[in-house]
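These notes are about the structure you will find just below.
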Amino acid sequence: FTPGPYRSGSAINFAFGTVVTLDGQNEANPTFLFQALSTLVTAAGTSFVLINGARAENVIWALGTAATLGANSVLEGSILAGSAITFGTGSELRGCALAQTAITFESAGSVAVPQSPAPA
Numbered sequence: 879f880t881p882g883p884y885r886s887g888s889a890i891n892f893a894f895g896t897v898v899t900l901d902g903q904n905e906a907n908p909t910f911l912f913q914a915l916s917t918l919v920t921a922a923g924t925s926f927v928l929i930n931g932a933r934a935e936n937v938i939w940a941l942g943t944a945a946t947l948g949a950n951s952v953l954e955g956s957i958l959a960g961s962a963i964t965f966g967t968g969s970e971l972r973g974c975a976l977a978q979t980a981i982t983f984e985s986a987g988s989v990a991v992p993q994s995p996a997p998a
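Residue numbers (our numbering): 879 to 998.
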């Protein structure tokens, strides 16, 4: 994916073991906005690679209902969910998680605050 908005009229789903690349294209402040009317689901083992200036703090997942991160999946960015967020066993979010109803962690799920690079 390159910087910009991406919209789904229903859900965003990533299959088992998918590796998703977010390419900042060396822009000064690349922003990725993913919007879905319903859910985000990352199957087990899904991961994200940030290249060419892409940063987790510039990735936003805006969801009408919920997000589910499958076991051992790693998601970059901030999740804004209309209802709930569930972290599967060993899953990790590199960003922040905001939900109106609940945030649930299964065994060893975690949220890590991304570190901004030092100013040049």
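Quick reminder that beta carbons are idealized off the backbone N, C-alpha and C, glycines included.
Residue j beta carbon less than 8 angstroms from that of residue i
i    : j    : result
A940 : S916 : no
L947 : F965 : yes
N891 : F910 : no
P881 : Q913 : no
C974 : S951 : no
A922 : R972 : no
Sequence-distant residues of the same chain with beta carbon closer than 6 angstroms to residue i, five excluded per side
i    : result
F879 : L900
L918 : I890, W939, L941, A945
T982 : T964
Nearest-angstrom Cα separation, counted from residue j out to residue i
i    : j    : result
A906 : G931 : 8 angstroms
V989 : A977 : 14 angstroms
L958 : T920 : 15 angstroms
P992 : A945 : 19 angstroms
S985 : E970 : 11 angstroms
S886 : F894 : 20 angstroms
N904 : T943 : 33 angstroms
Close Cβ partners of residue i (< 8 angstroms) along its chain, the five nearest in sequence each way excluded
i     : result
I1002 : No statement about residue 1002 is possible, as the shown extent of the chain runs from 879 to 998 and does not include it.
I938  : T909, F910, L911, F912, G955, S956, L958
Residues of its chain near residue i, where Cβ-Cβ distance is below 7 angstroms and the 5 sequence neighbours each way are ignored
i    : result
V897 : S925, V927
Integer Cβ distance of residue i from residue j, believed to fall under 8 angstroms
i    : j    : result
A962 : A949 : About 17 angstroms separates the two Cβ atoms, so there is no contact after all.
G968 : G987 : 7 angstroms
_Runs of beta strand (DSSP E) lying entirely within the segment 915 to 994, each at least 3 residues, in chain order_ = Taking 3 residues as the minimum length, the beta strand (DSSP E) runs contained wholly in the segment 915 to 994 are 918 to 920, 925 to 929, 937 to 941, 945 to 947, 952 to 954, 956 to 959, 962 to 965, 970 to 972, 975 to 977, 980 to 983, 988 to 990, in order along the chain.
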